[in-house]
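Q:
2 protein chains.
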Amino acid sequence: MAVADGKMKDLSISEIPKKKDGNPKKAAKKPQQQKKKIEGAALIGIDVAKEDDLGEWYQQVVTKGQMISYYDVSGCYILEPSSYAIWMTIREWFTKKISTLKVREAYFPLFISTDNLEREKEHIEGFAAEVAWVTKGGKSDLEKPIAVRPTSETAMYPYFARKIQSHRDLPLKLNQWNNVVRWEFKNPMPFIRTREFLWQEGHTAHLTEEEASKEVSQILDWYSDVYQELLAVPVVKGVKTENEKFPGAKRTETIEGFIPATGRGIQAATSHALGQHFSKMFDITVEDPHAKEAGKASDKIYVWQNSWGLTTRSIGVLILTHGDNRGLVIPPRVAEKQVVLIPVGITVKTSPEARKELYDKVEKMAEDLTSVGVRVEVDLREGYSPGWKFNDWEMKGVPLRIEFGPKDAEKGQVTTSRRDIEDKNEARGEIKVDDLKTAVPELLEKIQSDMFNKADKAYRDHRVQVTNWDDFVPKLNGKNVLLVPHCQGGKCEDEVKAKSARTSIGDGAAEDAKAPSMGAKSLCIPHEQPEGIKAGQTKCINPDCSAPAKSWVLFGRSY
Amino acid sequence: MAVADGKMKDLSISEIPKKKDGNPKKAAKKPQQQKKKIEGAALIGIDVAKEDDLGEWYQQVVTKGQMISYYDVSGCYILEPSSYAIWMTIREWFTKKISTLKVREAYFPLFISTDNLEREKEHIEGFAAEVAWVTKGGKSDLEKPIAVRPTSETAMYPYFARKIQSHRDLPLKLNQWNNVVRWEFKNPMPFIRTREFLWQEGHTAHLTEEEASKEVSQILDWYSDVYQELLAVPVVKGVKTENEKFPGAKRTETIEGFIPATGRGIQAATSHALGQHFSKMFDITVEDPHAKEAGKASDKIYVWQNSWGLTTRSIGVLILTHGDNRGLVIPPRVAEKQVVLIPVGITVKTSPEARKELYDKVEKMAEDLTSVGVRVEVDLREGYSPGWKFNDWEMKGVPLRIEFGPKDAEKGQVTTSRRDIEDKNEARGEIKVDDLKTAVPELLEKIQSDMFNKADKAYRDHRVQVTNWDDFVPKLNGKNVLLVPHCQGGKCEDEVKAKSARTSIGDGAAEDAKAPSMGAKSLCIPHEQPEGIKAGQTKCINPDCSAPAKSWVLFGRSY
Chain G
1 MAVADGKMKD LSISEIPKKK DGNPKKAAKK PQQQKKKIEG AALIGIDVAK EDDLGEWYQQ
61 VVTKGQMISY YDVSGCYILE PSSYAIWMTI REWFTKKIST LKVREAYFPL FISTDNLERE
121 KEHIEGFAAE VAWVTKGGKS DLEKPIAVRP TSETAMYPYF ARKIQSHRDL PLKLNQWNNV
181 VRWEFKNPMP FIRTREFLWQ EGHTAHLTEE EASKEVSQIL DWYSDVYQEL LAVPVVKGVK
241 TENEKFPGAK RTETIEGFIP ATGRGIQAAT SHALGQHFSK MFDITVEDPH AKEAGKASDK
301 IYVWQNSWGL TTRSIGVLIL THGDNRGLVI PPRVAEKQVV LIPVGITVKT SPEARKELYD
361 KVEKMAEDLT SVGVRVEVDL REGYSPGWKF NDWEMKGVPL RIEFGPKDAE KGQVTTSRRD
421 IEDKNEARGE IKVDDLKTAV PELLEKIQSD MFNKADKAYR DHRVQVTNWD DFVPKLNGKN
481 VLLVPHCQGG KCEDEVKAKS ARTSIGDGAA EDAKAPSMGA KSLCIPHEQP EGIKAGQTKC
541 INPDCSAPAK SWVLFGRSY
Chain D
1 MAVADGKMKD LSISEIPKKK DGNPKKAAKK PQQQKKKIEG AALIGIDVAK EDDLGEWYQQ
61 VVTKGQMISY YDVSGCYILE PSSYAIWMTI REWFTKKIST LKVREAYFPL FISTDNLERE
121 KEHIEGFAAE VAWVTKGGKS DLEKPIAVRP TSETAMYPYF ARKIQSHRDL PLKLNQWNNV
181 VRWEFKNPMP FIRTREFLWQ EGHTAHLTEE EASKEVSQIL DWYSDVYQEL LAVPVVKGVK
241 TENEKFPGAK RTETIEGFIP ATGRGIQAAT SHALGQHFSK MFDITVEDPH AKEAGKASDK
301 IYVWQNSWGL TTRSIGVLIL THGDNRGLVI PPRVAEKQVV LIPVGITVKT SPEARKELYD
361 KVEKMAEDLT SVGVRVEVDL REGYSPGWKF NDWEMKGVPL RIEFGPKDAE KGQVTTSRRD
421 IEDKNEARGE IKVDDLKTAV PELLEKIQSD MFNKADKAYR DHRVQVTNWD DFVPKLNGKN
481 VLLVPHCQGG KCEDEVKAKS ARTSIGDGAA EDAKAPSMGA KSLCIPHEQP EGIKAGQTKC
541 INPDCSAPAK SWVLFGRSY
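Chains as they are written, first to last, in full-length UniProt numbering: chain G, 1 to 559; chain D, 1 to 559.
(1) Is there a Cβ from chain D that is less than 8 angstroms from the Cβ of residue 542 of chain G?
(2) For chain D, find out if any of its Cβ atoms is closer than 8 angstroms to the Cβ of residue 84 of chain G; answer yes or no.
(3) Three Cβ pairs or more, each shorter than 8 angstroms: is that satisfied between the region 200 to 220 of chain G and the region 127 to 140 of chain G?
(4) Are there 16 or more other CB atoms within 10 angstroms of the CB of residue 416 of chain G, so buried, or fewer, so exposed?
(5) Buried or exposed: residue 581 of chain G, going by 16 or more other Cβ atoms within 10 Å of its Cβ?
(6) Kindly indicate the opening and closing residues of the beta strand (DSSP E) around residue 132 of chain D.
(7) Is the separation between the beta-carbon of residue 554 of chain D and that of residue 262 of chain D shorter than 8 angstroms?
(8) Taking just the CA atoms, how far does residue 486 of chain D sit from residue 526 of chain D?
(9) Tell me whether residue 143 of chain G is buried or exposed, calling it buried when 16 or more other Cβ atoms sit within 10 Å of its Cβ.
(10) With DSSP as the reference, label residue 290 of chain D as helix, strand or coil.
(11) Please specify which runs of the beta strand (DSSP E), each continuous and at least 3 residues long, are wholly inside the region 373 to 439 of chain D, giving them in chain order.
(12) Hey, does residue 88 of chain G have any beta-carbon neighbour from chain D nearer than 8 angstroms?
(13) Below 9 angstroms between beta carbons is the criterion; list the residues of the region 97 to 125 of chain G that meet it against any residue of chain D, in chain order.
(14) Nearest chain G C-beta to residue 330 of chain D closer than 8 angstroms, yes or no?
(15) Would you call residue 175 of chain G buried or exposed, if buried means 16 or more other Cβ atoms sit within 10 Å of its Cβ?
(16) Put residue 311 of chain G into one of helix, strand or coil per three-state DSSP.
(17) Span of the alpha helix (DSSP H) holding residue 116 of chain D?
(18) Within 8 angstroms (strictly less), CB to CB, does residue 553 of chain G reach chain D?
(19) Kindly list the residues whose CB is nearer than 6 angstroms to the CB of residue 464 of chain G, restricted to its own chain and excluding five residues on each side of it in sequence; keep chain order.
(20) Kindly identify the DSSP beta-bridge partner or partners of residue 524 of chain D.
(21) Got a sec: which bits of the region 66 to 81 of chain G sit with their beta carbon under 8 angstroms from any beta carbon on chain D, in order along the chain?
(22) At a cut of 8 angstroms, does the region 165 to 175 of chain G reach the region 97 to 117 of chain G through at least three beta carbon pairs?
(23) Identify every residue that forms a DSSP beta bridge with residue 499 of chain G.
(24) Give me the chain G residues within the contact set of residue 145 of chain D, using Cβ-Cβ distance strictly less than 8 angstroms, ordered along the chain.
(25) According to DSSP, is residue 451 of chain G part of a helix, a strand, or is it coil?
(26) Give a yes or no on whether the minimum CB-CB distance between residue 320 of chain D and chain G is below 8 angstroms.
(27) Nearest chain D C-beta to residue 455 of chain G closer than 8 angstroms, yes or no?
(28) Rounded to whole angstroms, what's the CA-CA distance from residue 318 of chain G to residue 85 of chain G? Just pull it up for me.
(29) For the candidate residues G:224, G:325, G:461, whose alpha-carbon lies nearest to that of residue 93 of chain G?
(30) Between which residues of its own chain and residue 546 of chain G is the CB-CB distance below 7 angstroms, once the five residues before and five after are set aside?
(31) For a test of the three-state rule: what should DSSP assign to residue 444 of chain D, helix, strand or coil?
(32) Using 8 angstroms as the limit for Cβ to Cβ distance, is residue 297 of chain G near chain D?
(33) DSSP on residue 81 of chain G, reduced to helix/strand/coil?
(34) Ignore the nearest five residues each way along the sequence and tell me which others in residue 542 of chain G's own chain have a CB closer than 8 angstroms to its CB.
(35) Does the beta carbon of residue 179 of chain G sit closer than 8 angstroms to a beta carbon anywhere in chain D?
(36) Is the beta carbon of residue 278 of chain D less than 8 angstroms from the beta carbon of residue 159 of chain D?
Take a look at the structure:
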């Protein structure tokens, strides 16, 4: 389902209203001009089904839903207010969590000197191919090119070396919310694979491996919570294999998501135990405080470091997971607007007084809901039919619509419509006006948990245990990720990838344009291991591998 | 007082502990090693007086006070947690304010295409000399260099052109908090002049000039509040002259600060009425909604745009304004820690029980203060004398110290010491333990207003009205900024600058190393105009200028 760069640009350009001389904005899509035509969706709505062309659907959903706007530098996108609001919700939530670990916020420079960037060998090898280089300032060539940070390990650790002089300076825990650049040459995709993205990167140093390790897991738990509790997106916790771990890390813990529409896995966030690789390269040491009591000569200890990051990719996963053929579906906890209130049933016969009365009641409801912390929008736009408004807010993914008309007023109730349920009748409900302040927050929480449960079921249904190689590719093509016994060997992993790529060409089972040629790679070694692996006895899934399986490993096509 | 780049690097390197083989960290400055020597400041303290060498003083204050750490890319600095916390306080306060105008937060890319950057002539001329260019991605040369944003007008306005299709789409109001890069070749100075800095940039589009203009002033008022109410730094509101306005703006409103130690003005924040320059270049138009009723043929209106920015420079102004010879002095409203609680009077004779009792009481006080919203640090570090701790927290600028020892306990009180008062006796006070929850917040507010009043008086004393050219340079050298009658002509302004530079060479009155050779430029045309300018009759301050003075204009040396 990856999206061609050129295609994106086309869409971007076709979106730009053409303003030719004497004929300004003829091509512009103005809601008021289209009003008549679009009763019931069509033109401004999403005009391709998610199941038919996920790539095109995604482009339409992110742009028409006003999450993203295209930009004239390839791989870079504008985060519109609706998506940035989601990011800020994540930021505030996560900042609070890590502050309980006494992680402090700081800001390190965007630029990294070549010398520092290249100091850790594995690390630079991992990033060299995708670093953006500044070579000119004004009209002068720089003496040495300067890297735009792809991540900040090498920007931060000389500082760590200066600041950490004694074990009393440990742990040192810093975090920053910033932008990073990875000049990828694969096809870009808004949120999912972009050349610039926003993220947080935490960097900490500890006296002991044990303490560092505990933090890595704690952070992973919170990343999991960001996805599961805030974004209503299920993830699997695990560890990356040697092949897939972060360049320079000793061990990478990860949460892996799943996009049912393509059957592909997606890395959701990672937390790295860096071990002592970087502390050795950057000479970050303290005297062993326990040397004496242990009867050892005083000795220096290289500190144990972690780094962990969560990116705006999370918003893309949310959209791919929950979006439907009417557009975005945003979980209530992160939705900028949780409820839209729309007056209905006003006709040409409605008196101005009756209309005002209705509007006043709607405004009063908005006040009541706001007072209990619900984020509400009231849509009193003139010149738009309720139907048009319904579509508009559905496309933007607002979780709950409340309609209120003369008939509702008579009954002292409102009509509700849940965005997460596709069947219109099932989505509908009523709430007594007097109960709004309690019933709406409850309903929003219900929507939140239903969204998670639905996505969780989809992921569970497509996480298939496979022990026989003959089932591997067919199951993969059935849009599943596969839990297989594996030796955890890097070479074997490459073989599995090559075989699952080759075999599937021309298979035709996958509807994802790119998928058939793509092999399955290891997504993670899940923390939660089913039974069945017998040490030294269970065979590795790869028929050409003679090593025994070490554990269940999750394989899949991925983003 | 500008600081040489080389000098900065030296300091940076001398700070890095030398770790030679077999002799790790001999050069490291460890508090515990230095304890004996520094009773009363010396080594870890600031060892140069603000009045003797402001440049060196500033370097020491920002580094030893842990606001900044040096970095190996010239002109880039690490914002440590203490300074970043100030920035976040400003960010939260200002975001709340602008949200009342319905300004929404968004994020636009770091990179700007050459085509877009060069679309507005004046604008690109203003920035061309200081744009950083990315020319390589990985190992490939880019087809066309891409600019790292120096500001985002040209990144955002193609988006404005797409989004604004009708007058119903107006006003469009966006803001972003991000990093920008201006590759300056002048000497860098932490916070004040840096190649990368953090800021917010607001960009808005309006149907009428009047509405746009109102917003420009409202924003300027809030910028003034950030400085005066949060940072306790006085500013003068005004308008930039033609020479000094933002490249591409119709009119730039500004707040101008003052650094008493050098007598130089400093631009604090600016709010630009862009007029229609950019909307014409980027074709941002709507149909005139009032054309019909005004009897005009339907016609397009170019929207009226504003942009406004506030940067991390503000933190530098705070430091230069309030810092003293013991280090930083942070105003309570923005201090990460407002109060430090230090147990005192513990000797070798103190029993463990008595000590525990004292510590418990201190912890209880911290809880009480936290419960009323005071940001408290308790310093129970072992192995450090109270004197050492006092110096340490004074250097970091914590506004209020609370000491509590056995004698205080007997009297049911604490001893306080205000950071903003230099005389140690005057700085001291007592508060009854029972009154802490009300008295401490009150005292913090008193410190805040006293800090502002002191700085405000210094600025007022050095804002001198001059009507005779013969007084101009002597007054300038007396560390003043000058309010002079001026014709507002650009050429005349250049002459004044040239003359005040030339004349003052060898004058010797200024203690600021760089200042004597620097001429005075116009800082602003203050909104608050004294009397005395008679239209067509008052002479311009420049004896060689034949034009009459239009208004009082504030001139000064500046950063």
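For glycine and all other residues, C-beta sits at the position ideal for the given N, C-alpha and C.
Predicted model only: the values in this text are computed from it and were never measured.
A: Concretely, from the data shown:
(1) Judged by the 8 angstroms Cβ criterion, residue 542 of chain G is not in contact with chain D.
(2) yes
(3) no
(4) By the neighbour-count rule (16 or more Cβ atoms within 10 Å), residue 416 of chain G is buried.
(5) No information on residue 581 of chain G is available, as it lies outside the stretch 1 to 559 that chain G covers here.
(6) Here the beta strand (DSSP E) through residue 132 of chain D covers 132 to 137.
(7) Judged by their CB atoms, residue 554 of chain D and residue 262 of chain D are not nearer to each other than the 8 angstroms cut-off.
(8) 12 angstroms
(9) exposed
(10) In the structure shown, the three-state DSSP call for residue 290 of chain D is coil.
(11) 376 to 378, 400 to 404, 413 to 418, 428 to 432
(12) yes
(13) Correct list: 104, 105, 106, 107, 108, 109, 110, 111, 112, 113, 115, 116.
(14) no
(15) buried
(16) It is a strand residue.
(17) 114 to 117
(18) no
(19) 475, 480, 482
(20) D:554
(21) 69, 71, 72, 73, 76, 77, 78, 79, 80, 81
(22) yes
(23) The partner list for residue 499 of chain G (beta bridge, DSSP) is empty, contrary to what the question assumes.
(24) 136
(25) helix
(26) no
(27) no
(28) 14 angstroms
(29) G:224
(30) No residues qualify anywhere along the chain.
(31) helix
(32) no
(33) In this structure, DSSP gives residue 81 of chain G a helical state, which the three-state scheme calls helix.
(34) The answer, listed in chain order, is 469, 486, 487, 492, 495, 496, 499.
(35) yes
(36) The answer is no: Cβ separation not under 8 angstroms.
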